[in-house]
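S.K.: Pasting a structure here, questions to come.
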Amino acid sequence: MKPDDDIRQEVRHWPGATVLFEMGGKHRRAIFKFNGKERFVTMPTSPGDTVHGPKNNIAIIRRTLKALGAIRAVRERMGRQRKRQRNPGVMQRMVVAGEPAPVMPDPWNPLRVIAVNCAAKCGEIQVPQNAAPVCECLSCASDMKGIYPCLLEEQQ
Numbered sequence: 001m002k003p004d005d006d007i008r009q010e011v012r013h014w015p016g017a018t019v020l021f022e023m024g025g026k027h028r029r030a031i032f033k034f035n036g037k038e039r040f041v042t043m044p045t046s047p048g049d050t051v052h053g054p055k056n057n058i059a060i061i062r063r064t065l066k067a068l069g070a071i072r073a074v075r076e077r078m079g080r081q082r083k084r085q086r087n088p089g090v091m092q093r094m095v096v097a098g099e100p101a102p103v104m105p106d107p108w109n110p111l112r113v114i115a116v117n118c119a120a121k122c123g124e125i126q127v128p129q130n131a132a133p134v135c136e137c138l139s140c141a142s143d144m145k146g147i148y149p150c151l152l153e154e155q156q
């Protein structure tokens, strides 16, 4: 559809409004008339914005017609003809009792073990004298000790 046809089709929904097209300067003009008042909208002739251009143009035309005082005719909306059938509720469904899910072990337990081992290596916990030497890795020396695993343990 041409832009002129889109504009003419839109103006049909505004009772009492008319549109004329003329060339003005470099671009075409759409001149809107309503109750003896006139306004024009310049329409670009170059294909600059091909995706949003027609929609923006129609929006500008609607604003112009509202500024002239025109009122758009109410159109019937195309909707569903019948009410859709509702989903039956939970009370009407047959619920099959399944077996209970197994209890999962504590997912944080391995991290607690790593934190205790790392703290023991850093000297925060009393360590027997025959234990390994104090850890000096970055994760044990930083404020984040106990959160991240000891890097030296992973290498050994």
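Counting along the sequence shown from 1, when you hit position 139 you're at 139 in this note's numbering, and nothing is skipped either side. Ideal placement from N, C-alpha and C gives every residue a C-beta, glycine not left out. Remember, predicted model here, so these are calculated numbers, not experimental data.
If you check the beta carbons only, do residue 17 and residue 67 fall under 7 angstroms apart?
M.R.: Walking along the sequence shown from the start, residue 17 turns up at place 17. Walking along the sequence shown from the start, residue 67 turns up at place 67. No. Outside cutoff.
S.K.: If you draw a straight line from the C-alpha of residue 55 to the C-alpha of residue 5, how long is it?
M.R.: Looking up residue 55 in the sequence shown gives position 55. Looking up residue 5 in the sequence shown gives position 5. Cα to Cα, the separation comes out at about 13 angstroms.
S.K.: Roughly how many whole angstroms lie between the Cα atoms of residue 41 and residue 53?
M.R.: Locating residue 41 in the sequence shown gives position 41, where the first residue counts as 1. Locating residue 53 in the sequence shown gives position 53, where the first residue counts as 1. Between residue 41 and residue 53, the C-alpha separation is close to 14 angstroms.
S.K.: Grab me the residues of residue 13's own chain with a C-beta within less than 6 angstroms of its C-beta, minus the 5 sequence neighbours each way, in chain order.
M.R.: Walking along the sequence shown from the start, residue 13 turns up at place 13. 72 and 73, listed in sequence order.
S.K.: If you draw a straight line from the alpha carbon of residue 89 to that of residue 96, how long is it in whole angstroms?
M.R.: As a working note, residue 89 is residue 89 in the sequence shown. As a working note, residue 96 is residue 96 in the sequence shown. Rounded to whole angstroms, residue 89 to residue 96 spans 15 angstroms at the Cα level.
S.K.: Let's see if you can read the secondary structure: which residues bound the beta strand (DSSP E) around residue 157?
M.R.: Nothing about residue 157 can be reported from this structure: the residues present for the chain run from 1 to 156 only.
S.K.: So if DSSP puts residue 37 in a beta bridge, which residue, or which two residues, is it bridged to?
M.R.: Reading the sequence shown from its first residue, position 37 is the one you call residue 37. Bridge partners of residue 37: 34.
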